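One structure is given here, and the rest of the page talks about it.
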Amino acid sequence: MHNNNDNSLTQIETFGVEQIPDHERTAGPSDLFRLIFGGANTFATAVLGSFPVLFGLSFQAGAWAIVLGVLVGSIILAPMGLFGPLNGTNNAVSSGAHFGVHGRIVGSFLSLLTAIAFFSLSVWSSGDALIGGAKRLIGVPETDLSLGLAYGLFALLVLTVCIYGFRFMLWVNRIAVWAASLLFLLGIFAFAPAFDSQFAGTVGLGQPGFWAAFIGAALVAMSNPISFGAFLGDWSRYIPRHTPKRRIMAAVIAAQLATLIPFLFGLATATIVAIKAPDYIAANNYVGGLLAVSPTWFFLPVCLIAVIGGMSTGTTSLYGTGLDMSSVFPRVLSRVKATLLIGVLSIAFIFIGRFAANLVQSVSTFAVLIITCTTPWMVIMIIGLLVRRGFYCPDDLQVFTRGETGGRYWFSHGWNWRGLGAWIPSALVGLCFVNLPGQFVGPLGELAGGIDISLPVTLGLASVVYLVLLGVFPEPKAVYGPGDSRSKGLEHPNEPSAEPVARGFIPAGALSGPNP
Numbered sequence: 022m023h024n025n026n027d028n029s030l031t032q033i034e035t036f037g038v039e040q041i042p043d044h045e046r047t048a049g050p051s052d053l054f055r056l057i058f059g060g061a062n063t064f065a066t067a068v069l070g071s072f073p074v075l076f077g078l079s080f081q082a083g084a085w086a087i088v089l090g091v092l093v094g095s096i097i098l099a100p101m102g103l104f105g106p107l108n109g110t111n112n113a114v115s116s117g118a119h120f121g122v123h124g125r126i127v128g129s130f131l132s133l134l135t136a137i138a139f140f141s142l143s144v145w146s147s148g149d150a151l152i153g154g155a156k157r158l159i160g161v162p163e164t165d166l167s168l169g170l171a172y173g174l175f176a177l178l179v180l181t182v183c184i185y186g187f188r189f190m191l192w193v194n195r196i197a198v199w200a201a202s203l204l205f206l207l208g209i210f211a212f213a214p215a216f217d218s219q220f221a222g223t224v225g226l227g228q229p230g231f232w233a234a235f236i237g238a239a240l241v242a243m244s245n246p247i248s249f250g251a252f253l254g255d256w257s258r259y260i261p262r263h264t265p266k267r268r269i270m271a272a273v274i275a276a277q278l279a280t281l282i283p284f285l286f287g288l289a290t291a292t293i294v295a296i297k298a299p300d301y302i303a304a305n306n307y308v309g310g311l312l313a314v315s316p317t318w319f320f321l322p323v324c325l326i327a328v329i330g331g332m333s334t335g336t337t338s339l340y341g342t343g344l345d346m347s348s349v350f351p352r353v354l355s356r357v358k359a360t361l362l363i364g365v366l367s368i369a370f371i372f373i374g375r376f377a378a379n380l381v382q383s384v385s386t387f388a389v390l391i392i393t394c395t396t397p398w399m400v401i402m403i404i405g406l407l408v409r410r411g412f413y414c415p416d417d418l419q420v421f422t423r424g425e426t427g428g429r430y431w432f433s434h435g436w437n438w439r440g441l442g443a444w445i446p447s448a449l450v451g452l453c454f455v456n457l458p459g460q461f462v463g464p465l466g467e468l469a470g471g472i473d474i475s476l477p478v479t480l481g482l483a484s485v486v487y488l489v490l491l492g493v494f495p496e497p498k499a500v501y502g503p504g505d506s507r508s509k510g511l512e513h514p515n516e517p518s519a520e521p522v523a524r525g526f527i528p529a530g531a532l533s534g535p536n537p
C-alpha cells in the first residue's frame, strides 16, 4: 500500500515501476518540458556546443550543424514520451511489449550505462567549472582535494534529491530551468564585445574534410536528445493517460529546441576561446578556456551555472537509473535502495575515472557508443507503437516485475525475437560505422570518407529489419486491440488498455500466432 497522497516535497517517493494509479498522475506536459530542459540546460550541453569549433567549423556552419542535429534528434525522441502516460511505467518496462517481458532488460541496461556516463560527464564538467571559477574569484586552489570535494558535493546533493523522488526533482528543475537560462542569457552581455559572427574556423565549405566535420558536429548535437530516449517514461508516467498525444510530443520537441540556448552559448564562446586562448582549444579544454576569457564579474554566474546544471542533469540521469534497476531486481531492490546502490557505484566511477585513470575522453567515447546502441532500440519502440496503434495492456507489462509468466507479451519464454532480431544486428552494424578520430574507429568507419554515419545506418537498418520480421513472423493476435482486424476471433477483456486487466490475464499457451 503506497502512501503517496501527500504532495509534500519532503515525502520520499515510494512508487517503483508498477503502474502509477490514475489519481496520482498530477503532472502535465509543462512539467515534462521542465524536466527535459532542466536536465540539458547545463555546462555539459555547452561543452557539446563547442564541438563544431573543435572540429574546425566556422560559427555559421557550426550553428547550422547544431540546429540540424537538435531538430532531427528531437523529432525522433518525441514519440518516446507517449509510453509513460499509456502504461503508467518507465520506458524500459514498456519496451516489454516489443522485446518481451524478459527482453525489456535490454532497455534497462542501456539506460543504466547511459545514465552513469552522462551523470559522470555532468559532474566532471560542473565540478571543474565551479572550482575554476572559485579560483579566479576568491583564490580557491585547484587541487585534487578541492576538485574531489566539488565532485562529492554534487554527487551527494543529486543522490539526496533522487531518493526523495519525482516531486522533489520536479521542484529542483522548476528552479533550474529559469535560473540557468537567465545565467546563460547573461553571458550574452559578458561575451558580446568579443564575439565575431564571421569566425571562419579552419575548415571551410568546399575544403577537404568539411562535410565530415559538419556531419560529425550534427551527430554530436543529435546525441543529446537521443540520450533522453530511455528516460522519458520515468517522468511522463505521472501524466494522465488521456492527455492529448500532440501536447506531450510538442513538450518534448520544445524542450529540446530550448537547449539551443546552452548549445549556442557553447558555440559562440568556443569561437572566442579559439581566438583569444587557442591553446585551450588545442587541448580540448573548453571549460578552462571559457574561464580564461571570461570577464571577472561573470565568474560568479559561471559557478552558479555549474551548481544548478550539475544538480538538474544529475537528478534526471540518476533517478531513472535507480527506478530501472529496482524493476530488474524487484524482489531485492526498492526504488530507494536501487538509487542508493547505483549512486554509490556512480560516485566511485566518477572518482576512479577522474583521478586514477583519467577516463574523461574514454567516457565521451563510451557515451557515443551507448547512443549508437540506444537509437535502434528507440526506433523499434516507435515502430511498434505505430503498428499496435497505441494499444497496450499495462498489467501484462508487469509480469516480469511480479515474477509471473504468461500474458500478451510472453512471446517465446519472455523474449520477442522480432524486436531483438532487429536490434542486435542494427546495433552491431552501427558500432562498425562509428568514426571518432583518435578515440574509436569501427571496422567500417572509413567507408564514408571519414564521415561518421553510424546513427543514420543504425536508424535505417533497424527500421527495415524490424518491419521485415513483423511481416514474415506476424505477432500473436493478443497484442492488438479489440477494434483491430488483426485480433479477429480473440476474446478481449473489457478494459483493453485503460486499466489493469488481471482478471483478463492470458496464459502463455493461449497466445495464437507463429513464434520464431
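If you count the sequence shown from 1, you need to add 21 to reach our numbering.
Ideal placement from N, C-alpha and C gives every residue a C-beta, glycine not left out.
The structure displayed is predicted, hence computed values, not measured ones.
Margin query: I need the DSSP call for Phe-454, collapsed to helix, strand or coil.
Written below: As a working mapping, residue 454 is identified with position 433 in the sequence shown. It is coil, neither helix nor strand.
For this session: For Ser-433, name the three-state secondary structure that DSSP assigns.
Result: For the purposes of this step, residue 433 is identified with residue 412 of the sequence shown, where counting begins at 1. Of the three classes helix, strand and coil, the one that applies to Ser-433 here is strand, per DSSP.
Mind pulling the alpha helix (DSSP H) runs of 4 or more residues that sit fully within the region 280-316? Counting only unbroken stretches of 4 or more residues, the alpha helix (DSSP H) elements lying wholly within the region 280-316 are 281-297, 299-303, 307-314, in sequence order.
Original post:
alpha helix (DSSP H) containing Thr-422: first to last residue?
Top reply: Locating residue 422 in the sequence shown gives position 401, counting from the first residue. That run of the alpha helix (DSSP H) goes 420-423.
- When the Cα atoms are used, what is the spatial distance from Phe-461 to Thr-386? Within the sequence shown, numbered from 1, the residue matching residue 461 stands at position 440. Within the sequence shown, numbered from 1, the residue matching residue 386 stands at position 365. One C-alpha to the other measures close to 7 angstroms.
- prompt: Around the C-beta of Arg-55, are 16 or more other C-beta atoms found within 10 angstroms, so that it is buried, or is it exposed?
  reply: The residue labelled residue 55 in the question sits at position 34 within the sequence shown. Under this definition Arg-55 is a buried residue.
Report task. Identify whether Phe-461 lies in helix, strand or coil by the three-state DSSP scheme. Result -> Here residue 461 corresponds to residue number 440 of the sequence shown, with the count starting at 1. In this structure, Phe-461 counts as strand in the three-state DSSP scheme.
Item checked: Residues of its chain near Ile-296, where Cβ-Cβ distance is below 6 angstroms and the 5 sequence neighbours each way are ignored -> Counting from 1 along the sequence shown, the entry for residue 296 is found at position 275. For Ile-296, where only same-chain residues beyond five positions count, there are no Cβ hits under 6 angstroms.
message: Does Pro-100 come out as helix, strand or coil in the three-state DSSP assignment?
response: For the purposes of this step, residue 100 is identified with residue 79 of the sequence shown, where counting begins at 1. Note: Pro-100 maps to helix in three-state DSSP.
**Item:** With 16 other Cβ atoms within 10 Å as the buried cut-off, status of Glu-496
**Value:** Looking up residue 496 in the sequence shown gives position 475. So Glu-496 counts as buried.
Which one of Pro-162, Ile-196, Ile-152 has the shortest CA to CA distance from Phe-175? The residue you call residue 175 lines up with position 154 of the sequence shown. Closest option to Phe-175, Cα to Cα, is Ile-152.
Q. Three-state secondary structure (DSSP) at Ser-518?
A. In the sequence shown, residue 518 corresponds to position 497, counting from 1. Because the pLDDT of Ser-518 is 40, which lies under 50, any placement of that residue in the model is unreliable, and the question is left without a value.
Nearest-angstrom Cα distance between Leu-476 and Ile-236?
For the purposes of this step, residue 476 is taken as the residue at position 455 of the sequence shown. For the purposes of this step, residue 236 is taken as the residue at position 215 of the sequence shown. Distance between the alpha carbons of Leu-476 and Ile-236 is about 11 angstroms.
How many angstroms separate the CA atom of Ile-41 from the CA atom of Val-485? The residue you call residue 41 lines up with position 20 of the sequence shown. The residue you call residue 485 lines up with position 464 of the sequence shown. The alpha-carbon atoms of Ile-41 and Val-485 are separated by roughly 34 angstroms.
| query | Exposed or buried, which one is Thr-317 when buried takes at least 16 other CB atoms within 10 Å? | reply | As a first step, residue 317 is located in the sequence shown; it is residue number 296 there, counting from the start. Flag for Thr-317 reads exposed.
| query | Candidates Gly-148, Leu-142, Asp-417: which alpha carbon is nearest Thr-164's? | reply | Working through the sequence shown from its first residue, we reach residue 164 at position 143. Nearest option by C-alpha distance: Gly-148.
- Message: Which same chain residues end up closer than 6 angstroms to Pro-464 when comparing Cβ atoms and leaving out the 5 residues on each side of it in sequence?
- Response: Counting from 1 along the sequence shown, the entry for residue 464 is found at position 443. These residues qualify, in order along the chain: Cys-453.
With H, G and I counted as helix, E and B as strand and the rest as coil, what does DSSP make of Val-161? In the sequence shown, the residue the question calls residue 161 occupies position 140. If DSSP states are grouped into helix, strand and coil, Val-161 belongs with coil.
Alpha-carbon spacing of Leu-92 relative to Leu-278, whole angstroms: Working through the sequence shown from its first residue, we reach residue 92 at position 71. Working through the sequence shown from its first residue, we reach residue 278 at position 257. When rounded, the distance between both Cα atoms is 7 angstroms.
Open item on the list: Quick check: does the Cβ of Phe-252 come within less than 7 angstroms of any heavy atom belonging to the ligand GDP?
Closed with: By its list of ligands, the structure shown contains no ligand whatsoever, and the ligand GDP lies outside what it can speak to.
| Taking the Cβ atom as the reference point for each residue, do His-119 and Gly-440 lie within a distance shorter than 8 angstroms? | As a position in the sequence shown, residue 119 is number 98, starting the count at 1. As a position in the sequence shown, residue 440 is number 419, starting the count at 1. Yes; because the gap between Cβ atoms is below 8 angstroms, this pair is in contact.
Query raised in the report: For the candidate residues Phe-210, Ser-115, Ser-367, whose alpha-carbon lies nearest to that of Val-179?
Result: If you number the sequence shown from 1, residue 179 lands on position 158. If we check each option's Cα against that of Val-179, Ser-367 comes out closest.
Distance between beta carbons of Gly-77 and Val-224, contact taken as under 8 angstroms: Locating residue 224 in the sequence shown gives position 203, where the first residue counts as 1. Locating residue 77 in the sequence shown gives position 56, where the first residue counts as 1. Right, their Cβ atoms sit about 4 angstroms apart.
Query raised in the report: What number of angstroms, rounded off, separates the C-alpha of Val-114 from the C-alpha of Ser-129?
Result: Stepping through the sequence shown from its first residue, residue 114 is reached at position 93. Stepping through the sequence shown from its first residue, residue 129 is reached at position 108. Their backbone Cα atoms lie some 8 angstroms apart in a straight line.
Exercise. Can you tell me the Cβ-Cβ gap for Ile-260 and Ala-99, rounded? I've got them flagged as a contact below 8 angstroms.
Key: Counting from 1 along the sequence shown, the entry for residue 260 is found at position 239. Counting from 1 along the sequence shown, the entry for residue 99 is found at position 78. The Cβ separation is near 14 angstroms, so there is no contact.
Q. Is the Cβ-Cβ distance between Pro-446 and Leu-482 less than 8 angstroms?
A. Numbered from 1 along the sequence shown, position 425 holds the residue referred to as residue 446. Numbered from 1 along the sequence shown, position 461 holds the residue referred to as residue 482. Using a Cβ distance threshold of 8 angstroms, Pro-446 and Leu-482 count as a contacting pair.
If you measure between the beta carbons of Phe-58 and Ala-276, is that distance less than 8 angstroms? In the sequence shown, residue 58 corresponds to position 37, counting from 1. In the sequence shown, residue 276 corresponds to position 255, counting from 1. Yes.
Notebook entry, point to check: Using the beta-carbon count (16 or more within 10 Å), is Phe-210 buried or exposed?
Noted result: On the sequence shown, residue 210 is found 189 positions in, with the first residue counted as 1. It counts as exposed.
Alpha-carbon spacing of Val-144 relative to Gly-124, whole angstroms = Taking the sequence shown and counting its residues from 1, the one referred to as residue 144 is at position 123. Taking the sequence shown and counting its residues from 1, the one referred to as residue 124 is at position 103. Computed Cα separation, rounded: 31 angstroms.
Start-to-end residues for the alpha helix (DSSP H) that takes in Tyr-487: Start at 1 with the first residue of the sequence shown, and residue 487 comes out as number 466. Annotation for Tyr-487: the continuous alpha helix (DSSP H) segment containing it runs 475-493.
Short of 8 angstroms in beta carbon distance, which residues of its chain neighbour Thr-264, apart from the five on each side in sequence? Order them along the chain. In the sequence shown, counting from the first residue as 1, residue 264 sits at position 243. Within the same chain, Thr-264 has close Cβ partners Gly-49, Pro-50, Pro-106.
Taking the beta carbon of Gly-541 as the centre, do at least 16 other beta carbons fall within 10 Å, making it buried, or is it exposed? With the chain running from 22 to 537 in the structure shown, residue 541 is simply not present.
query = Would DSSP call Ala-275 helix, strand or coil?
reply = Position 254 of the sequence shown holds residue 275. Three-state DSSP puts Ala-275 in a helix.
### Query
Ala-136 and Pro-283 look like a contact to me (Cβ under 8 angstroms); what is the Cβ gap, rounded to whole Å?
Position 115 of the sequence shown, counting from 1, holds the residue named residue 136. Position 262 of the sequence shown, counting from 1, holds the residue named residue 283. Ala-136 to Pro-283, Cβ: 20 angstroms. No contact.
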